[in-house]
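Q: Heads up, the sequence shown is in our numbering, so the first residue is 47 and it goes up one at a time. Following this message is one structure expressed as structure tokens.
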Amino acid sequence: MSFDKYSGDKQRIIQEIVPGKQITLSHIIANPDNTLYYKLGLDPAEEHSGAIGILTLSPSETAIIAGDVAMKASGVTLGFVDRFSGTVIVTGSVSQVEAALIAVNEYAANKLGFDVCELTRT
47 MSFDKYSGDK QRIIQEIVPG KQITLSHIIA NPDNTLYYKL GLDPAEEHSG
97 AIGILTLSPS ETAIIAGDVA MKASGVTLGF VDRFSGTVIV TGSVSQVEAA
147 LIAVNEYAAN KLGFDVCELT RT
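Right, dumping it as structure tokens:
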């Protein structure tokens, strides 16, 4: 419950997730600062550091499939998979991460019938 400061009434807020079949974020961070690796709980000294790839998928369990496809596509290192939020983080060289995210996007669109966002990069 929240309190409406203008009317003095209590308001009920209902939050609901309606999963679609989609990738809502597909992003490459090329050559991130080591601080970002540490803040994400990743090791910047790994041989596969150089870029970070981030995916957000719905339904969230699809993160498991995305992690598998990404690793098989280019040899990236799996940094994080959350089957509850649908988040996947991979690390590797810029070309490895790009190949992995492209492979996940293509698999999700062509095999799973997902709506897929554009791959972005910073």
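No residue lacks a Cβ here, since even glycine has one placed at the ideal position from N, Cα and C.
With 16 other CB atoms within 10 Å as the buried threshold, where does GLY99 fall?
A: Buried, because 16 or more other Cβ atoms sit within 10 Å of the Cβ of GLY99.
Q: Is it true that the CB of ALA145 sits closer than 8 Å to the CB of ILE69?
A: Cβ atoms of ILE69 and ALA145: not closer than 8 Å.
Q: Suppose you measure from the CA of ILE111 to the CA of GLY87; what does that come to, to the nearest Å?
A: For ILE111 and GLY87, the distance between alpha carbons rounds to 22 Å.
Q: Would you mind stating whether LYS67 and ASP161 have Cβ atoms separated by less than 8 Å?
A: In this structure, ASP161 lies closer than 8 Å to LYS67 by Cβ.
Q: Would THR108 pass as a contact of GLY132 if the rule is Cβ separation under 8 Å?
A: Yes, the pair counts as a contact, with Cβ atoms nearer than the cut-off.
Q: Tell me where the beta strand (DSSP E) around SER120 begins and ends.
A: Careful: SER120 lies outside any beta strand (DSSP E), inside the alpha helix (DSSP H) at 108-120.
Q: At 4 residues or longer, and completely inside the region 67-108: list those alpha helix (DSSP H) runs for me, N to C.
A: The qualifying runs are 80-85.
Q: Would you mind sorting ASN77 into buried or exposed? The rule is 16 or more other CB atoms within 10 Å of its CB.
A: Result: exposed.
Q: Can you give the beta carbon distance from ALA97 to VAL134, rounded, assuming they're within the 8 Å contact cut?
A: Contact doesn't hold; Cβ gap of about 14 Å is too wide.
Q: For SER95, does the count of other Cβ atoms within 10 angstroms reach 16, so buried, or fall short, so exposed?
A: Buried, by the Cβ-count rule.
Q: By the 10 Å Cβ neighbour count, where 16 or more other Cβ atoms means buried, how is THR81 classified, buried or exposed?
A: Exposed.
Q: So THR123 packs on THR102, CB below 8 Å; how close in whole Å?
A: Between THR102 and THR123 the Cβ distance is about 19 Å, and since that is not below 8 Å, they are no contact.
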